[in-house]
Amino acid sequence: MIGAGPSNLALAVALEECGSPEVAEGTMILEQYQDVKWQRNLLLPWTRSQVSYVKDLVTLRNPRSRFSFLNFLHERGELDEFVNLGTFHPFRWQLSTYQQWVADTLEHVQVRYGVRAERVLPIHAEDGAMLGFAVRLSDGDTILCRDLVFGAGRAPFVPEVFASLPAERVVHSTEYGSRVGDTTGLARPGRPLRPVVIGGAQSAAEMFMALHQDAPDSSPTMLVRSIALKDYQTSKFVNELFYPSFVDEFFTMPEEVRTKVLDEMRLTNYAGLAPPFLDELYTMIYRQKMLGQPVSVIRGLTEVVDARVESVPGGGAEVVLEVHDRRSGGVEQLRCDALFLGTGFDQEMPAMVRHLADTIGLPEVRVNRQYRVDLGAGAKGALYLQGVNEATHGISDTLISVLAHRSADIAGDILERRTAHPGAGQVSARQAAVMPI
Ligand SMILES: Cc1cc2nc3c(=O)[nH]c(=O)nc-3n(C[C@H](O)[C@H](O)[C@H](O)COP(=O)(O)OP(=O)(O)OC[C@H]3O[C@@H](n4cnc5c(N)ncnc54)[C@H](O)[C@@H]3O)c2cc1C
8 MIGAGPSNLA LAVALEECGS PEVAEGTMIL EQYQDVKWQR NLLLPWTRSQ VSYVKDLVTL
68 RNPRSRFSFL NFLHERGELD EFVNLGTFHP FRWQLSTYQQ WVADTLEHVQ VRYGVRAERV
128 LPIHAEDGAM LGFAVRLSDG DTILCRDLVF GAGRAPFVPE VFASLPAERV VHSTEYGSRV
188 GDTTGLARPG RPLRPVVIGG AQSAAEMFMA LHQDAPDSSP TMLVRSIALK DYQTSKFVNE
248 LFYPSFVDEF FTMPEEVRTK VLDEMRLTNY AGLAPPFLDE LYTMIYRQKM LGQPVSVIRG
308 LTEVVDARVE SVPGGGAEVV LEVHDRRSGG VEQLRCDALF LGTGFDQEMP AMVRHLADTI
368 GLPEVRVNRQ YRVDLGAGAK GALYLQGVNE ATHGISDTLI SVLAHRSADI AGDILERRTA
428 HPGAGQVSAR QAAVMPI
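For the sequence shown, my numbering gives the first residue as 8, with consecutive numbering after it.
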């Protein structure tokens with residue numbers, strides 16, 4: 008499995024609990040970092056999970072599991088305090104620690120840290136049947152496997168208009184924690200940092216809020232394309248569309264219906280903020296106004312149409328944004344030091360999966376209901392994709408809500424294939440050696 012994020016950790020738990028220890032023992036998770044951290048660069052102390060802790064890695068599939076969030080708290084002696092907090096929404100760092108605890112307490116599945124999967128190549132038998140995969144790692148090692156599960160998340164999306172700016176001036180939300188220190192150094196002596204945050208969803212708003220603490224004398228501006236910041240949709244009726252059972256319903260809809268449903272569901276997840284957080288943000292701006300200390304600005308109906316770096320008289324440089332005001336139709340300049348992009352993720356299939364599909368010669372990457380890519384008739388190995396199947400499995404595919412059930416779907420499919428073809432498709436070093444890795 009590539010990636011020790013929630014998707015693959017939930018699958019590891021499902022494999023440990025599937026009743027076949029040998030399948031779990033033959034499983035390894037590769038993680039590029041030295042530890043497990045959920046949303047590592049936006050692990051701000053006050054950020055919370057947007058879904059209930061009951062939707063942890065396992066409870067909806069197996070409420071008796073020892074890998075549940077409640078058991079994690081119980082084993083650490085923290086259950087009373089958590090219950091007394093009276094919330095369904097733990098802090099993000101708490102769920103992150105829970106995920107590390109799950110990784111640490113797996114009995115059979117191994118986690119190999121500090122290695123990045125760089126390239127995957129298919130392994131074919133002499134008769135052309137696909138046996139499995141060779142995964143080349145950043146430390147020079149190569150791992151051979153019959154089944155490969157991709158759970159590595161998506162690549163950050165940087166809009167074209169910012170693509171030519173120097174890297175030190177642009178911070179995507181996936182880099183915030185590790186980069187904010189260097190960007191605050193961009194402030195010139197005697198002049199505080201002038202950061203601009205781009206985007207109107209949760210990640211953008213979290214960076215905006217955090218900059219007030221991380222760059223205390225700064226004057227952050229947030230540019231939002233839509234009319235204003237909005238809550239994301241939390242109606243209980245709409246929330247029913249996040250039930251794991253809705254995946255079946257969505258999967259069987261005609262493609263054009265799925266597209267429309269996805270579009271209508273955008274405000275349940277993207278382009279909106281968690282309502283309590285939106286209130287906090289509004290209150291912060293209100294306080295600034297009422298105390299006569301307005302330092303930050305949130306501007307709706309604005310769109311950046313050009314961005315460049317210009318030198319400043321007396322030395323140094325600054326970023327100049329050409330901002331289109333959608334109200335007046337005019338364009339004005341906004342000068343700043345650094346840009347913080349809450350612009351989300353690339354919706355394309357991740358590059359590693361696309362390269363593999365090209366090497367195999369797949370015309371398109373599509374998964375079946377069990378998240379398995381169609382590798383053609385006779386394939387013995389299997390490729391499963393987690394978290395990149397919104398188009399076929401619905402908007403909850405990128406979320407934690409469905410992880411417990413999705414991991415049961417994938418684990419069940421792996422077991423079924425192993426039972427149907429025991430021993431088939433074992434990949435040997437000799438077979439892999441013929442591959443140009
Ligand atoms: C700021 C933020 C907050 C969110 N909050 C919520 C929330 O509250 N509730 C919710 O349901 N969803 C939330 N989401 C959605 C989020 O996508 C899921 O919560 C979840 O993280 C998806 O898990 P994943 O395992 O598929 O991917 P990720 O969490 O992205 O994990 C991927 C893992 O793979 C590793 N990796 C990547 N490439 C490689 C490689 N080549 N080799 C080895 N390792 C690799 C990464 O280091 C990482 O550990 C949030 C998303 C963001 C950005």
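Quick reminder that beta carbons are idealized off the backbone N, C-alpha and C, glycines included.
Keep in mind the model is a prediction, meaning the values are calculated, not measured.
When the Cα atoms are used, P261 and T399 turn out to be separated by approximately 10 Å. The C-beta of D221 has 16 or more other C-beta atoms within 10 Å across all chains shown, which makes the residue buried. About 5 Å separates the CB atoms of A110 and V118; that is less than 8 Å, so the two are in contact. Shown here for N276: same chain residues with a beta carbon closer than 6 Å to its own, the five before and five after excluded, namely I402 in chain order.
The beta carbon of A132 lies closer than 6 Å to those of L138 in the same chain, with the five residues before and after it left out. L155 sits in a strand when the DSSP states are folded into three classes. With fewer than 16 other CB atoms across the displayed protein chains lying within 10 angstroms of its CB, S145 is exposed. Apart from the 5 residues on each side of it in sequence, L80 sits with its Cβ closer than 6 Å to the Cβ of L86 and F89 in its chain, given in chain order. Sequence-distant partners of G307 (beyond 5 residues in either direction) whose C-beta falls short of 7 Å from its own C-beta, in its chain, are V231, S233, I234 and A235.
Within the DSSP bridge table, the entry for F347 names V178 and V204 as partners.
Of the candidates I417, H362, A411 and T366, the residue whose Cα lies closest to the Cα of A389 is I417. Residue environment analysis places Q354 among the exposed positions, since fewer than 16 neighbouring C-beta atoms fall within 10 angstroms of its C-beta. If you ignore the 5 residues before and after F215, its C-beta comes within less than 6 Å of the C-beta of V204, P227 and M229, all in its own chain and listed in chain order.
Of all C-beta pairs linking the segment 331-348 to the segment 268-288, fewer than three are shorter than 8 Å, placing the two stretches out of contact.
With a cut-off of 7 Å, the C-beta of A162 is classified as distant from ligand 1, since no heavy atom of the ligand falls inside that distance. In the three-state reduction of the DSSP assignment, Y120 falls in the strand class. Per DSSP, the unbroken beta strand (DSSP E) holding F140 starts and ends at M137 to L144.
For the options G147, G383, L16 and T190, the alpha carbon positioned closest to that of S75 is the one of L16. Setting aside the 5 residues that flank it on each side, L328 is surrounded in the same chain by V311, A314 and L341, each with a C-beta closer than 6 Å to its C-beta; the list follows chain order. In its chain, beyond the 5 residues on either side, L64, V65 and F74 have a beta carbon closer than 6 Å to the beta carbon of V20. According to DSSP, I421 shares a beta bridge with no other residue.
By the CB criterion at 8 Å, S14 and L50 fall outside the cutoff. Take the alpha-carbon of Y60 and the one of V319: they are about 50 Å apart.
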